[in-house]
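*Asks:* So the sequence shown is residues 2 to 346, counted in the numbering used here.
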Amino acid sequence: MDKHLIEFKNVFKTFDSDEVLSNINFHINENEFLTLLGPSGCGKSTLLRIIAGFESPTSGNVYFEGNDLSSIAPYERKVNTVFQKYALFPHLDVYDNIAFGLRIKKLDSKEIDAKVKKVLDMVNLSGFEKRTVSSLSGGQQQRIAIARAIVNEPKVLLLDEPLAALDLKLRKGMQLELKNMQRELGITFIYVTHDQEEALTMSDTVVVMKNGTIQQIGKPTDIYNEPVNAYVADFIGESNIISGVMKKDCLVNIMGIDMDCVDTGFDTDENVDVVIRPEDVRISEVDDAMICGVVESVIFKGVHYEMVIVSDDFKWLVHDTAKYDIGKKVSLFVKPFDIHIMKKS
Ligand code: ADP
Ligand code: MG
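1. Taking just the CA atoms, how far does residue 294 sit from residue 135?
2. Answer yes or no: do residue 152 and residue 209 have a C-beta to C-beta separation smaller than 8 angstroms?
3. Leaving out five residues on either side along the sequence, give the residues of the same chain with a beta carbon under 6 angstroms from the beta carbon of residue 310.
4. For residue 264 and residue 196, what's the separation of their Cα atoms in angstroms?
5. Where the beta carbon is closer than 6 angstroms to any heavy atom of the ligand ADP, which residues qualify, in chain order?
6. Mapping the DSSP letters down to three states, classify residue 343 as helix, strand or coil.
7. Within the segment 93-160, note down every full alpha helix (DSSP H) run reaching 4 residues or more, in order along the chain.
8. Determine, using beta carbons only, whether residue 339 and residue 281 come nearer to each other than 8 angstroms.
9. Where does residue 245 land, buried or exposed, given buried means 16+ other C-beta within 10 angstroms?
10. Please determine if the segment 42-54 and the segment 152-171 are in contact, where contact requires at least 3 C-beta pairs separated by less than 8 angstroms.
11. Compare the C-beta of residue 123 against all C-beta atoms of chain C and say whether one is closer than 8 angstroms.
12. Looking at the structure shown, is residue 284 part of a helix, part of a strand, or coil, going by DSSP?
13. Applying the criterion that 16 or more other CB atoms from any shown protein chain within 10 Å of the CB defines a buried residue, is residue 55 buried or exposed?
14. What is the rounded straight-line gap between the Cα of residue 235 and the Cα of residue 100?
15. Could you check what DSSP says for residue 81 in three-state terms: helix, strand or coil?
16. Can you check which of these residues, 337, 304, 203 and 81, is closest to residue 1 by C-alpha distance?
17. Determine the closest residue to residue 157 out of 31, 15 and 204, with distance taken between C-alpha atoms.
18. Determine, using beta carbons only, whether residue 274 and residue 182 come nearer to each other than 8 angstroms.
19. Between residue 172 and the rest of its own chain, which residues show a CB-CB distance below 7 angstroms, the 5 nearest in sequence each way excluded?
20. Would you list the residues sitting across from residue 301 in a DSSP beta bridge?
21. When you compare each of 271, 256 and 232 to residue 250 by their alpha carbons, which one comes out closest?
22. Here's a check: name, in chain order, each residue in its chain whose Cβ is nearer than 7 angstroms to the Cβ of residue 254, leaving out the five neighbours to either side.
23. If I follow the unbroken beta strand (DSSP E) through residue 272, where does it start and stop?
24. Within this structure, are the beta carbons of residue 123 and residue 148 separated by less than 8 angstroms?
25. Go through its chain and collect everything with a Cβ distance to residue 267's Cβ below 6 angstroms, but skip five positions before and after it.
26. Closer than 8 angstroms is the cut-off here; do at least three beta carbon pairs connect the segment 60-72 with the segment 94-109?
27. Work out the CA separation of residue 121 and residue 128 for me, nearest whole Å.
28. Thinking residue 231 and residue 242 are a contact (beta carbons under 8 angstroms), I'd like their distance in whole angstroms, please.
29. For the ligand MG, is there any heavy atom lying closer than 7 angstroms to the beta carbon of residue 109?
30. Consider the C-beta atom of residue 313 and the heavy atoms of the ligand MG; say whether any pair is separated by less than 7 angstroms.
31. Kindly list the residues whose CB is nearer than 6 angstroms to the CB of residue 278, restricted to its own chain and excluding five residues on each side of it in sequence; keep chain order.
32. Run through the DSSP bridge pairs and tell me what residue 76 is partnered with.
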């Protein structure tokens, strides 16, 4: 069985009278790469800061290896944090930045040397020891910040949007590096991001948050394929979200059309949200389909075209490798399996 390393029990956090975390309950397993995902302001950093000890819960408890964190001083916690802003010491060179924490711990200089070399190698910056911080690129500075955190051999590395300031290509490369580093180190990573693609790429477990609450916890594939509500579905990937009515098991009515689906267990005539992914909508030129529409826009996205197709005032977002020109009349099909029915949230 997985070992619960950190556990949140009924945690609330309020600032003034604002509740920014509401009844948070979940656990983080040892050696897991867990990502807190949600829009700006939903409480991700606050949750991370509670683990680090920069904030305390207003009520509720957090346990680390079974011990209540409130009884463990921040500096005694086996965690290190990497922030979006690198927070390196500008007056120290790369070596001294990384060695800083080890010197405070009064390790001897040979040991420090060995550890600094090892982590510099891990972040692919061997030979950069004497460089000044200001001579490094953003990506290199972020690597040094990571090196400085992992050199302390924490049990848990907390990463608060560490790649947000990097450009897209560098970010993609660093995502893979971080994932490899986590495997190599065999430690727990708790990662914060508002970028769903980043969360899905890197994580073992994704925790989707909204307004201080947890909406869903699961593996990336589960969150993508089985979102629990329209909010998660929409946040995790662009989706078509349409109000519908469940006529009976496996039959939903959207926009006046009865459509076969595979969902059961709803009340007769229950109002639902119907979620259909853009890649699951099939376009054809024949006009015998139930849904007909007109192409409003086409954007080339590399592998596929992203098209908006207007039908009865609803704008369908559709991905297809074939291109359909603006103004063209088309028909849309969706397989029953690709129609996801969600309870109204
Ligand atoms: P996220 O990291 O998801 O963007 P945060 O955890 O930083 O969200 O913030 C959640 C909410 O708490 C926001 O509304 C923010 O303004 C508020 N908040 C965060 N820290 C403080 C603080 N020290 N004092 C008052 N409000 C705060
Ligand atoms: Mg934040």
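Think of the CB as a built atom: it goes at the ideal place given N, C-alpha and C, for glycine as much as any other residue.
*Replies:* A quick look at the data gives this:
1. As a working note, residue 135 is residue 134 in the sequence shown. As a working note, residue 294 is residue 293 in the sequence shown. Cα to Cα, the separation comes out at about 55 angstroms.
2. Locating residue 152 in the sequence shown gives position 151, where the first residue counts as 1. Locating residue 209 in the sequence shown gives position 208, where the first residue counts as 1. Not closer than 8 angstroms, so no.
3. Counting from 1 along the sequence shown, the entry for residue 310 is found at position 309. Cβ neighbours of residue 310 beyond the five flanking positions: 294, 296, 317 and 319.
4. Against the sequence shown, residue 264 aligns to sequence position 263. Against the sequence shown, residue 196 aligns to sequence position 195. Those two C-alpha atoms are separated by around 29 angstroms.
5. 16, 21, 39, 41, 42, 43, 44, 45, 46 and 47
6. Here residue 343 corresponds to residue number 342 of the sequence shown, with the count starting at 1. The answer is strand: DSSP assigns residue 343 an E or B state.
7. 95-105, 110-123 and 139-151
8. Position 338 of the sequence shown, counted from the start, is the residue given in the question as residue 339. Position 280 of the sequence shown, counted from the start, is the residue given in the question as residue 281. Yes, the pair counts as a contact, with Cβ atoms nearer than the cut-off.
9. Against the sequence shown, residue 245 aligns to sequence position 244. When all chains shown are included, residue 245 counts as buried.
10. Contact check between the segment 42-54 and the segment 152-171: three or more CB pairs, one atom from each, fall below 8 angstroms, which counts as touching.
11. Judged by its chain identifiers, the structure shown contains no chain C, having just a single protein chain.
12. Numbered from its first residue, the sequence shown carries residue 284 at position 283. Here residue 284 sits in strand by DSSP.
13. Locating residue 55 in the sequence shown gives position 54, counting from the first residue. Exposed.
14. Counting from 1 along the sequence shown, the entry for residue 235 is found at position 234. Counting from 1 along the sequence shown, the entry for residue 100 is found at position 99. Cα-Cα distance, rounded: 44 angstroms.
15. Translated into the one-based positions of the sequence shown, residue 81 becomes position 80. Reduced to three states, the DSSP call for residue 81 is strand.
16. No answer is possible for residue 1: it lies beyond the span of the chain, which begins at 2 and ends at 346.
17. Taking the first residue of the sequence shown as position 1, residue 157 is located at position 156. When only C-alpha atoms are compared, the closest one is 31.
18. Counting from one through the sequence shown, the residue named residue 274 turns up at place 273. Counting from one through the sequence shown, the residue named residue 182 turns up at place 181. No, they are not a contact pair.
19. Sequence index remark: in the sequence shown, residue 172 carries index 171 (1-based). Around residue 172: 164.
20. Taking the first residue of the sequence shown as 1, we reach residue 301 at position 300. In the DSSP output, where bridge partners are listed per residue, residue 301 has 306.
21. To locate residue 250, count along the sequence shown from 1; it is residue 249. That would be 271, whose Cα lies nearest to the Cα of residue 250.
22. Here residue 254 corresponds to residue number 253 of the sequence shown, with the count starting at 1. These residues qualify, in order along the chain: 245, 246 and 248.
23. To locate residue 272, count along the sequence shown from 1; it is residue 271. Note, residue 272: beta strand (DSSP E), 271-277.
24. As a first step, residue 123 is located in the sequence shown; it is residue number 122 there, counting from the start. As a first step, residue 148 is located in the sequence shown; it is residue number 147 there, counting from the start. Yes. Within cutoff.
25. Position 266 of the sequence shown holds residue 267. Same-chain partners within the cutoff: 247.
26. Below 8 angstroms, too few C-beta pairs join the segment 60-72 and the segment 94-109 to call them touching: fewer than three.
27. Residue 128 sits at position 127 when you count from the first residue of the sequence shown. Residue 121 sits at position 120 when you count from the first residue of the sequence shown. Computed Cα separation, rounded: 8 angstroms.
28. The count along the sequence shown starts at 1 and reaches residue 231 at position 230. The count along the sequence shown starts at 1 and reaches residue 242 at position 241. The Cβ separation is near 5 angstroms, so the contact holds.
29. For this step, residue 109 is matched to residue 108 along the sequence shown. Checking every heavy atom of the ligand MG against the Cβ of residue 109, none is found closer than 7 angstroms.
30. Stepping through the sequence shown from its first residue, residue 313 is reached at position 312. Answer for residue 313: no, Cβ out of range of the ligand MG.
31. On the sequence shown, position 277 is the one that residue 278 refers to. Cβ neighbours of residue 278 beyond the five flanking positions: 240.
32. What you label residue 76 is simply residue 75 of the sequence shown in a count that begins at 1. Bridge partners of residue 76: none, in fact.
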